[in-house]
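Right, dumping it as structure tokens:
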């Protein structure tokens, strides 16, 4: 479904992603792991279209989207959640989600009819709120949510655009054990409908959820395979996992 | 509803004035209402849209000059001249916006300022249309029936237009488009990330605001049948911004309140002698600008989150 | 086109550009280091010119009045920074724009109250009133030559200050990364006040030197401020080098445009149209320049940051 061929990105003299070749098959949860600074968020940014890709190709559902602007990729079925929460803080949870639903339901160059009259939008938003476990907080202003709730909303916004592929950038960042379990459950449910590219540091989550894992170190993919394979791979252990498993 | 009450008051007011045989205030009021329209158009792009445009005078003054030039060339019908003014202003906004909205932050502020100055210099160099001295019009626009020359009639025309503009803004703000604009103001990156082509929405908002600014310009030219080049100067842009800030950034009535407060304050200082103040400073009335400056400075410095903090004041549905 | 005309316009462009640099340098430093848009920068220029006019009159000498005016304006600048402007650091740009705009209004009125509404008299120093003969036989106003000299010397001094001294290094560090500068233990508050005062003095120098050529009147700051902003946008915010290149570019383009465009249009347009179109397009020229530069380099020619 998603194919990266030789994707690279430099910032001045620094090479952030280096000739990355990767593919995500439909229906899988594909985890992307690696040490801090390995270039994972940069890669997500390139796939999402927020960062320009000068060399390499990004192919989504057979179409070359390398030069497509971010908003067009969303329309094509690609959504992304952020590592550092980026929601509409002064909007309520309902309004946050309704906005994402609105983005996917036709043009918003409508100037006269009040949005509140469009019940369908808000019904869908409520449904998603239910899925992400925020039904009871639906009218709360997003800025007042607890961290875990905000991360759930963060993912919810991506889901609300009805994507085929979701890029989750460390959804469990900064979460305690309870919230993490809830997020793992959410992703497990989500996978029935969407394909997931998951960037995470939480190895428990990764090994529970992932069909396949790719390891990114210094901007390069050093290994790809089933979880058991990756776990046993000596190079991976040396570069990254060794620290995680020993701990 | 509150709005209806306000408009009823505004509608009765000139009749009261006429009864009191004091038509000066009717003329003053129509001037305030015209600036209210101009400030409201800026509020759309600045308050709701979050785009700090420092070049709004280009559309306001531009609209005025279009009407003025057409009038001098013989085209005085409001039905033709005013729509042309709106169209020209909207077109200018399209060009300026298309270029400026590629930039962000301070570059955006500077580039809108610079473009407006460009337009100022172009019009000022048109010697045959007044140049530095401004353009005198043969009179107000014609409607084909009745006359706009009557200050009372003129007031009601302006009042109706203001009501229409405010209503349209109200609908716009609560529409799909309005929501997207608000979302972009709140978190531009995320708005793009959930699939909205941010640039297009911002540009359209900018064009709409420019067009309404042009309408206000057409009206101000008619107010005194004279078009001053100062309408295009960046100080005018600043004055409109002051009105928006005073009245309430991102609120429906912000432009109206701001125009009323600012022009009212200037008028009070200039035309009403406060005895004890006059003893301290005999010609304090020549320096109304000082009071405006101090008031503005105080508001800006004391605003808790800065002016942008006011953006969130409106409750979202 | 006679070479003399070309040379004269180039010198005028150089002169204007260097004075513009004095303003732009202060503006870009304040912007780059303190991340503050200061619209009141033009007001300091105006105040400098007014102080100069007064001190020149009081002392009877242009050259005695100059250092007094510089000092007075620097003090005003420092006071302004300490009392009001430092509260604007870290605030959003709109707040800064409005606050400094308010200061423009207040400054204009205060100047009007203190000095009256009529433009002030400021004469070129008597010894420089006449022309000088340049190699090649051309006559050029000696005062303008002095302006060029002063501008060039100050530019060199500023360059040395910023690149060769410790203070300059701190300034450059602050311009490219404020948090780092603070983390390095620099006494930020004093540095900022000093930078601001320096900027004010530069404004005063420009105001004082241009005073005899342009009018010393209320509102003189607004017109030149816009040009200074165009300069720093072209040059790149926070960069002295950018301000220098930008000022010369703007100075030369603007001056040459005004001088030559009417002639140029006169070649193929009827005289009526040429005399109208010339000044119009000339005014617009620098903005076009800015638009072109921004199109290819959205951060300006020499961005100091990232």
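Chains as they are written, first to last, in our numbering: chain S, 1 to 247; chain L, 1001 to 1317; chain A, 2001 to 2306. Glycine included, each C-beta is placed from N, C-alpha and C at the ideal position.
- Remark: C-beta atoms of residue 8 of chain S and residue 55 of chain S approach each other more closely than 8 Å.
- Residue 169 of chain S has S:199 as its beta-bridge partners, per DSSP.
- Residue 189 of chain S: member of the alpha helix (DSSP H) spanning 177 to 190, first to last residue.
- Excluding five sequence positions before and after residue 2231 of chain A, the CB atoms of its chain that fall closer than 7 Å to its own CB belong to 2020, 2024, 2243, 2246, 2247 and 2250, given in chain order.
- In terms of beta-carbon proximity, residue 2046 of chain A stays away from the interface with chain L, with every pair separated by 8 Å or more.
- Contact between the region 1064 to 1083 of chain L and the region 1183 to 1203 of chain L is absent, with fewer than three C-beta pairs closer than 8 Å.
- By the criterion of a C-beta distance shorter than 7 Å, residue 1149 of chain L is surrounded in its chain by 1139 and 1140, once the five residues flanking it on both sides are discounted.
- When only Cα atoms are considered, residue 1124 of chain L and residue 1301 of chain L end up about 35 Å apart.
- Residue 214 of chain S has a beta carbon lying at 8 Å or more from every beta carbon in chain L.
- Looking at A:2093, A:2067, A:2077 and A:2094, the one whose alpha-carbon comes closest to that of residue 2193 of chain A is A:2077.
- In chain order, 2143 and 2212 place their CB closer than 6 Å to the CB of residue 2124 of chain A, counting only its own chain and leaving out the 5 sequence neighbours on each side.
- In the assembly as shown, residue 1154 of chain L is a buried residue. Its beta-carbon has 16 or more other beta-carbons within 10 Å.
- Taking the beta carbon of residue 1114 of chain L as reference, the chain A residues within 9 Å of it are 2226, 2229, 2230, 2233, 2286, 2287, 2290 and 2291, listed in sequence order.
- Residue 2293 of chain A is positioned such that its CB atom lies closer than 8 Å to that of residue 2301 of chain A.
- Taking 8 Å as the CB threshold, residue 1028 of chain L stays off the interface with chain S.
- Under DSSP, residue 79 of chain S forms a beta bridge with S:166.
- About 13 Å separates the beta carbons of residue 2022 of chain A and residue 2221 of chain A, which is beyond the 8 Å limit, so they are not a contact pair.
- Under the 8 Å criterion on CB atoms, residue 2283 of chain A is classed as interfacial with respect to chain L.
- In this structure, residue 1010 of chain L lies away from residue 1246 of chain L, with their beta-carbon atoms at least 8 Å apart.
- Note that the C-beta distance between residue 190 of chain S and residue 180 of chain S is not below 8 Å.
- At least one C-beta of chain L is nearer than 8 Å to the C-beta of residue 99 of chain S.
- The DSSP assignment places complete beta strand (DSSP E) segments of no fewer than 3 residues inside the region 48 to 115 of chain S at 55 to 60 and 78 to 81, in order along the chain.
- With a threshold of 8 Å between beta carbons, residue 87 of chain S makes contact with chain L.
- Here residue 1147 of chain L is not bridged, per DSSP, to any residue.
- Not a single CB atom of chain L sits nearer than 8 Å to the CB of residue 2021 of chain A.
- Residue 6 of chain S: member of the beta strand (DSSP E) spanning 2 to 11, first to last residue.
- Among the bridge pairs identified by DSSP, residue 214 of chain S is matched with S:32 and S:224.
- According to DSSP, residue pairing for residue 239 of chain S in a beta bridge does not occur.
- Neighbourhood of residue 1248 of chain L in chain S, by CB distance below 8 Å: empty, with the nearest CB roughly 16 Å away.
- Counting of Cβ neighbours within 10 angstroms places residue 2038 of chain A among the buried residues, the total reaching 16 or more.
- Residue burial is scored here from C-beta neighbours: residue 1077 of chain L has fewer than 16 other C-beta atoms within 10 angstroms and is therefore classed as exposed.
- Here residue 1231 of chain L is not near residue 1032 of chain L, since their CB atoms are 8 Å or more apart.
- In the structure shown, residue 2043 of chain A adopts helical secondary structure according to DSSP, grouped into three states.
- Residues of the region 107 to 120 of chain S with a C-beta atom less than 9 Å from some C-beta of chain L are 107, 108, 109, 110, 111, 112, 113, 114, 115, 116 and 118, listed in chain order.
- Looking at the DSSP output, residue 1226 of chain L shares a beta bridge with L:1136.
- By alpha-carbon distance to residue 1186 of chain L, the top candidate from L:1092, L:1038, L:1050 and L:1021 is L:1050.
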